[in-house]
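Engineer: Structure in structure tokens, see below.
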Amino acid sequence: MNKIGKWIVWALIAAFLLGFLPTIIDTLAGFFVLTEEGLGVTQHFTRTLDTVVATAESYMWHIVIAYSIIIAFIIFMEGQNPDRTILWMLVLVFVPVFGVILYLILGPDLQSIRNRRLFRPAKKYGFDHSPFKKATEDQFLIGSMLHACSGADLLVRNRVEILINGAETFPAIEAAIAGAEKFIHMEFFIIRDDDLGRRIGGMLMEAARRGVKVRVLYDAVGSWSLKARFVKELEEGGVECRSFMPVSLPLFRRKMNFRNHRKILVADGKVAFTGGINIGEEYDGKGHLGFWRDTFVRLEGEAVAALHNIFLHDWCVRSADDPAAICEDLNITLNGLPVKDDYSALPVIPLQVVESGVDSVWHSIAKGYYGMISRAQKRVWVTSPYLVPGPELMNALIASSLSGVDVRVMMPSVKDHFLVFWGSRSNIEPLLRAGVRVFQYQDGFIHTKSVVSDSCIASVGTCNMDVRSLDINFENQLFIYDREIAESFARQFETDMKRCKELHIGEWEKRPLWQKLLESFGRLYSAQI
3 MNKIGKWIVW ALIAAFLLGF LPTIIDTLAG FFVLTEEGLG VTQHFTRTLD
53 TVVATAESYM WHIVIAYSII IAFIIFMEGQ NPDRTILWML VLVFVPVFGV
103 ILYLILGPDL QSIRNRRLFR PAKKYGFDHS PFKKATEDQF LIGSMLHACS
153 GADLLVRNRV EILINGAETF PAIEAAIAGA EKFIHMEFFI IRDDDLGRRI
203 GGMLMEAARR GVKVRVLYDA VGSWSLKARF VKELEEGGVE CRSFMPVSLP
253 LFRRKMNFRN HRKILVADGK VAFTGGINIG EEYDGKGHLG FWRDTFVRLE
303 GEAVAALHNI FLHDWCVRSA DDPAAICEDL NITLNGLPVK DDYSALPVIP
353 LQVVESGVDS VWHSIAKGYY GMISRAQKRV WVTSPYLVPG PELMNALIAS
403 SLSGVDVRVM MPSVKDHFLV FWGSRSNIEP LLRAGVRVFQ YQDGFIHTKS
453 VVSDSCIASV GTCNMDVRSL DINFENQLFI YDREIAESFA RQFETDMKRC
503 KELHIGEWEK RPLWQKLLES FGRLYSAQI
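Under our numbering, the first residue of the sequence shown is numbered 3, with each subsequent residue one higher.
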């Protein structure tokens, strides 16, 4: 597929150049006419090139049609979502040249992504079923499924601290950076060159000066506005920086569509953080959207190693570093575990750290969401900034509600991404008709990505309930099998409800036609992602 794509790109360029040859001929002919003895040369030159162009133009559309057929066959064989497949087919039929180029930019390039998975360490623990002996059947089945489809081990000894908003998150992150003695590893989708970003950057450089090994990985597209000057300052200050999948030529680099949406910070292998918050002032409530409602999690114990393992893999994808050498230098195992660490004093809070991306055999996090929704007996409460989950999860939400489960969905009332916002709204009406309670957050923007199922499972992390996060982006999500943690998320959901407006089907049906049209455009856009 990759080689075919490259040949098609160059062939298209050649075809377009042939289309411009008549203009080039006229220009050159005009030049020769201006010379004293150029008339004979001009006539011969023009006749020859006219023949070449006529021949090329007679075959040009045959070539374009052949390209479209090849691309259509590739799309058909990729086994994508049927809606997406049909949409791409229609694009190729109605705008063949532009459609081919668009597919080369946005379509999947799975082989090149798979080739980037440089190492996968052996399983850390195997799947230990013993913590589920006193658990519910639903916990056991969902945990077993996630292990089967992603290899996520059940990590038992952990301390989990839920951090609400930037007001709690950034002081905790800064404390971890200030207290680090050996290494700090950071991986974020967005890092801003603003006051907050520079404050964190200054602390990282200070840590490097005291001998701490500091590595920072940021997504090349998510951090598009990050100035090279700021990165250079960090590097000169002793911080190693890497961008994930840089896009040097966006027009012909489809990998710009596959982004690293993860947020991970690991300090000394002792403490780790993850959740929805990036490094920027808007995540502390100082952006144009105002108050920013988000959730981060501070972890100690076995889960730290799992998150660290994700970072180590992503870092080595973007550098020539040998993971074994890094681990030896940091005195940790290849699994990200500090050597000789004992977690027996930590509480028993079983959880799994699940990762997914375009390179995954299964969409593991989506499978986890589906299990939580479909197996809920009493309640399933979802918080997500975007609600474009695809037909499987939509049907799961609807079926659970129709079965009598208390299904609630919380989403923003303001937009930060125009088309995704309207695409999310297009899913509200079918949910309301099925009895799902839908709440729009009114006090700023809500960016939390969490699901609570009954009183036994909670999920939180970086994965939005939209097709980009579920199918395409590189994400990480915690699935926590603890009643107290689940109840904490449920209580926070109820607290957030006080800042929401609940939608009702009678009122929602009366929304203006222009809104319905925008929702349709948003839904169409979301289907092709």
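Just so it is clear, CB atoms sit at the ideal spot from N, CA and C, and this is done for glycine as well.
My output table needs one value for Y443: the three-state DSSP class, helix, strand or coil.
Structural biologist: DSSP places Y443 in strand when its eight states are reduced to three.
Engineer: Please tell me whether V407 and R381 are closer than 9 Å, where the distance is taken between their beta carbons.
Structural biologist: yes
Engineer: Hey, how far is the Cα of T297 from the Cα of W226?
Structural biologist: 24 Å
Engineer: Which term fits G497, buried or exposed, when burial requires 16 or more other beta carbons within 10 angstroms of its beta carbon?
Structural biologist: Checking the sequence shown, residue 497 turns out to be Thr, not Gly. Counting Cβ neighbours within 10 Å, T497 comes out exposed, since fewer than 16 surround it.
Engineer: Is the separation between the beta-carbon of I375 and that of L395 shorter than 9 Å?
Structural biologist: yes
Engineer: Which one of Q354, E431, Y345 has the shortest CA to CA distance from F142?
Structural biologist: Q354
Engineer: Classify D468: buried if its beta carbon has 16 or more other beta carbons within 10 angstroms, exposed otherwise.
Structural biologist: buried
Engineer: For V223, does the count of other Cβ atoms within 10 angstroms reach 16, so buried, or fall short, so exposed?
Structural biologist: buried
Engineer: Shortest alpha-carbon distance to I487 belongs to which of V453, G425, I474, E504?
Structural biologist: V453
Engineer: Is R261 helix, strand or coil when you go by DSSP?
Structural biologist: coil
Engineer: Hey, would you say L433 sits closer than 9 Å to L399, going by beta carbons?
Structural biologist: yes
Engineer: Within 10 angstroms of its Cβ, does G213 collect 16 or more other Cβ (buried), or is it exposed?
Structural biologist: exposed
Engineer: Under 9 Å, do W619 and S146 count as touching if we go by C-beta distance?
Structural biologist: Examination of residue 619 is not possible in this model, given that the chain is present from 3 through 531 alone.
Engineer: Between the region 231-238 and the region 441-449, do three or more beta carbon pairs fall short of 8 Å?
Structural biologist: no
Engineer: Expressed to the nearest angstrom, what Euclidean distance is found between the alpha-carbon atoms of S415 and L515?
Structural biologist: 18 Å
Engineer: Would you tell me roughly how many angstroms separate the C-alpha atoms of G277 and G524, rounded to the nearest one?
Structural biologist: Distance between the alpha carbons of G277 and G524 is about 26 Å.
Engineer: Which partner residues of R295 appear in the DSSP bridge assignment?
Structural biologist: Bridge partners of R295: I448.
Engineer: With three or more beta-carbon pairs closer than 8 Å as the criterion, would you say the region 175-183 touches the region 282-295?
Structural biologist: no
Engineer: Which first and last residues belong to the beta strand (DSSP E) in which T385 is found?
Structural biologist: 381-385
Engineer: Determine the burial state of R377: buried for a count of at least 16 other Cβ atoms within 10 Å of its Cβ, exposed for fewer.
Structural biologist: buried
Engineer: Could you please give the first and the last residue of the uninterrupted beta strand (DSSP E) stretch that includes N478?
Structural biologist: 477-482
Engineer: Just list the residues that DSSP pairs I186 with in beta bridges.
Structural biologist: V216, A269
Engineer: Pick from F190, S321, L519: whose alpha carbon is nearest that of K265?
Structural biologist: F190
Engineer: What number of angstroms, rounded off, separates the C-alpha of C318 from the C-alpha of K500?
Structural biologist: 45 Å
Engineer: Is the CB-CB distance between M413 and R320 below 9 Å?
Structural biologist: no
Engineer: Mind checking S522: buried by the 16 CB within 10 Å criterion, or exposed?
Structural biologist: exposed
Engineer: Looking at I144: is its Cβ nearer than 9 Å to the Cβ of G370?
Structural biologist: yes
Engineer: Less than 9 Å separating the beta-carbons of R194 and G287?
Structural biologist: no
Engineer: I'd like the ranges of any alpha helix (DSSP H) spanning at least 4 consecutive residues and lying wholly in the region 305-335.
Structural biologist: 325-332
Engineer: Could you tell me how far apart the beta carbons of H263 and N475 are, in whole angstroms, since I believe they sit closer than 8 Å?
Structural biologist: Cβ-Cβ separation between H263 and N475: approximately 4 Å, consistent with a contact (criterion under 8 Å).
Engineer: Counting only the same chain and skipping the five closest in sequence on each side, list residues whose C-beta sits under 6 Å from that of G359.
Structural biologist: F476
Engineer: What residue ranges within the region 359-423 form continuous alpha helix (DSSP H) runs of no fewer than 4 residues, ordered along the chain?
Structural biologist: 366-376, 393-404
Engineer: What do you get for L36, buried or exposed, if any count of 16 or more other CB atoms within 10 angstroms of its CB means buried?
Structural biologist: Below a pLDDT of 50, predicted positions are generally treated as unreliable, and L36, at 48, falls in that range; the measurement from the model is reported next regardless. It is exposed - the Cβ of L36 has fewer than 16 other Cβ atoms within 10 Å.
Engineer: For the candidate residues Y345, I312, F275, E242, whose alpha-carbon lies nearest to that of E304?
Structural biologist: Per the C-alpha coordinates, the member of Y345, I312, F275, E242 positioned closest to E304 is Y345.
Engineer: Which residue comes first and which comes last in the alpha helix (DSSP H) that contains K234?
Structural biologist: 230-238
Engineer: Ends of the beta strand (DSSP E) at I164?
Structural biologist: 157-166
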